[in-house]
Amino acid sequence: MEFRRITNLPPYVFTIIDGLKVEARRKGVDVIDLGFGNPDLPSPAVAVEKLSEAAHNSRNHRYSSSRGIPKLREAVADLYLRRFGVVLDPEREIISTIGAKEGFSHLMWVLLQPGDAALVPSPSYPIHIWGPHLAGADVREIPMGTDQDFFENIQEAYEYSWPKPRVIVLSFPHNPTTACVDVDFFQRVVDFAREKDVIVVHDNAYAELGFDGYEPPSILQAEGAKECAVELYSMTKSFSMAGWRVAYLVGNAEVVQALAKLKSYLDYGTFQPIQIAATVTLNEDPGHPREVQPIYQARRDALCDGLNRIGWEITPPQGTMFAWAPIPEPYRELGSIEFASMLVREAQVATSPGVGFGPGGDGHVRFALIENEQRIHQGVRNLKKALTKLS
Numbered sequence: 000m001e002f003r004r005i006t007n008l009p010p011y012v013f014t015i016i017d018g019l020k021v022e023a024r025r026k027g028v029d030v031i032d033l034g035f036g037n038p039d040l041p042s043p044a045v046a047v048e049k050l051s052e053a054a055h056n057s058r059n060h061r062y063s064s065s066r067g068i069p070k071l072r073e074a075v076a077d078l079y080l081r082r083f084g085v086v087l088d089p090e091r092e093i094i095s096t097i098g099a100k101e102g103f104s105h106l107m108w109v110l111l112q113p114g115d116a117a118l119v120p121s122p123s124y125p126i127h128i129w130g131p132h133l134a135g136a137d138v139r140e141i142p143m144g145t146d147q148d149f150f151e152n153i154q155e156a157y158e159y160s161w162p163k164p165r166v167i168v169l170s171f172p173h174n175p176t177t178a179c180v181d182v183d184f185f186q187r188v189v190d191f192a193r194e195k196d197v198i199v200v201h202d203n204a205y206a207e208l209g210f211d212g213y214e215p216p217s218i219l220q221a222e223g224a225k226e227c228a229v230e231l232y233s234m235t236k237s238f239s240m241a242g243w244r245v246a247y248l249v250g251n252a253e254v255v256q257a258l259a260k261l262k263s264y265l266d267y268g269t270f271q272p273i274q275i276a277a278t279v280t281l282n283e284d285p286g287h288p289r290e291v292q293p294i295y296q297a298r299r300d301a302l303c304d305g306l307n308r309i310g311w312e313i314t315p316p317q318g319t320m321f322a323w324a325p326i327p328e329p330y331r332e333l334g335s336i337e338f339a340s341m342l343v344r345e346a347q348v349a350t351s352p353g354v355g356f357g358p359g360g361d362g363h364v365r366f367a368l369i370e371n372e373q374r375i376h377q378g379v380r381n382l383k384k385a386l387t388k389l390s
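Sequential numbering of the sequence shown, starting at 0, is according to numbering that gives the first Met the number 0.
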């Protein structure tokens, strides 16, 4: 049989490492998992308590609203005003999504169709690359790296593309490269998008995970952003609510309402007790991200300090819950899949191969900060023993 929409999807390379990890654990090997970015920290107590309470009320067992209940959208508006100084209309400029991946994927259906094109950073979180493809559009990958002028690359990619891209996909702090930007960068993007009549989609998944005093901005802080931009804000990392699948699309009212129209055909929203719990969490525990952030920063320091000590040079990231590590020179010829596989087999440490984020990532592996500091220290010791070619 031919499954046309997924025929060209490549194998999900992360399953290779996951398979090695599972095989090792079945043999009793203690694998330190720094691969899949699955937050290990518990969700806020108030969220768990309110979910339980709301779930016991049978009125909440019925269909909910795909847009998100009104009080949840009001809480998101309060969050954006408090955190970014951005005023949002809960009725027109906010919609709840079933996690950021669902929101992003269906947003691509709204914005793109066969014959259209989107500009996407390379490397990138896989759904940012494949979401436009699943909508039938072409993707123009924009090189991203420490030696790149990314805004200049956006301009160049647009000018040399045909048809002209309708969408620019961004995500800062960036997964996997951990690159960070300021409001001035967003202002340049917004000015460019308004001039070219392009929609900018910014996935702000790591909005609360900035380190060393850096506070990630919202693209909506740029003047005129609501004319051309929308943003996804997720509770997955900031509030340690990964399995709850709660995120929001905010910004340009026409785009937000277009997604609302599509979702009215596709779903009835997240289970209402989850929406109620998310509302209460935003209102009653707004400082929770401030409790989460220093934990990830301490883990970043443990990992990066440790890697540098053993001769694996890495620059500590300013944001995200990841570290993007260039494969050490003596092992670079292996490529990211074979190198990451070797780390599982010989160091009992799981990472994500950089090529899983696009061809531009093949010279790197990504570490996820999802183990405590003690486990990270143990992982570094394992790496030191296994990577005998490091000086």
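Using N, Cα and C, we set each Cβ at its ideal position, and we do this for glycine too.
In this structure, DSSP gives leucine 281 a helical state, which the three-state scheme calls helix.
Within the stretch 102 to 188, the complete beta strand (DSSP E) runs of at least 3 residues fall at 116 to 121, 137 to 142, 166 to 169. Annotation for alanine 53: the continuous alpha helix (DSSP H) segment containing it runs 44 to 54. Counting the other CB atoms within 10 Å of its CB gives proline 89 a total of 16 or more, which places it among the buried residues.
Measuring C-alpha to C-alpha distances from serine 335 to each of Gly355, Glu312, Asp183, Glu345 identifies Gly355 as the nearest. Counting every other CB atom within 10 Å of its CB across the protein chains shown gives histidine 55 a total below 16, marking it as exposed. If you draw a straight line from the Cα of proline 113 to the Cα of isoleucine 128, it comes to about 15 Å. The continuous beta strand (DSSP E) containing threonine 96 extends over residues 93 to 96.
As the crow flies, the alpha-carbon of histidine 363 is around 4 Å from that of proline 325. Arg66 is the residue among Ile16, Asp39, Pro175, Arg66 whose C-alpha sits nearest the C-alpha of isoleucine 97.
At the C-beta level, alanine 221 and valine 182 come within 8 Å of one another. Partner residues in the beta bridge of glutamate 230, as assigned by DSSP, are His201, Val249. Annotated as proximal: alanine 301 and glutamate 372, with beta-carbon spacing under 8 Å. Proximity to histidine 105 across Leu133, Ile93, Leu78, Ala116 peaks at Leu133, based on C-alpha coordinates.
Following the DSSP letters along the chain, one finds proline 69 inside the alpha helix (DSSP H) bounded by residues 69 to 83. Fewer than three beta-carbon pairs drawn from the stretch 151 to 160 and the stretch 295 to 309 are found closer than 8 Å, and the two stretches are therefore not classed as touching. Here alanine 76 has Leu87, Pro89, Ile93 as same chain residues with Cβ atoms under 7 Å from its own Cβ, once five neighbours each way along the sequence are excluded. Collapsing the DSSP output to three states places proline 325 in a strand. The C-alpha of glutamate 1 is placed about 39 Å away from the C-alpha of alanine 322. DSSP links histidine 363 through a beta bridge to Pro325. Distance check between proline 122 and each of Gly36, Gly360, Val45, Phe366 places Gly360 closest, using alpha-carbon atoms only.
Three or more beta-carbon pairs separated by less than 8 Å are not found between the stretch 14 to 28 and the stretch 204 to 219, which leaves the two stretches without contact.
If you check the CB distance, proline 120 and histidine 173 come in under 8 Å. Between the alpha carbons of proline 164 and leucine 111 lies a distance of about 10 Å. With distances taken between CA atoms, glycine 310 lies nearest to Lys384 out of Val168, Lys384, Met341. Excluding sequence positions up to five before and after isoleucine 167, its CB lies within less than 6 Å of the CB of Leu118, Val197, Val199, all in the same chain and listed in chain order.
The beta carbons of valine 279 and valine 45 sit about 6 Å from each other, so the pair counts as a contact at 8 Å. Beyond the five residues adjoining it in sequence on each side, leucine 78 comes within less than 6 Å, by CB distance, of Leu281 in the same chain, given in chain order. Secondary structure at alanine 349: strand, using DSSP grouped into helix, strand and coil. Bridge partners of aspartate 32 according to DSSP: Ala349. Annotation for proline 288: the continuous alpha helix (DSSP H) segment containing it runs 287 to 308. Cα atoms of valine 379 and proline 175: separation of roughly 20 Å, rounded to the nearest angstrom. Assignment of glycine 318 by DSSP, reduced to helix, strand and coil, places it in the strand class. In this structure tyrosine 62 is exposed. Its beta-carbon is surrounded by fewer than 16 other beta-carbon atoms within 10 angstroms. At a Cβ-Cβ threshold of 8 Å, glutamine 347 and valine 28 count as neighbours.
CA-CA distance, valine 138 to serine 170, rounds to 16 Å.
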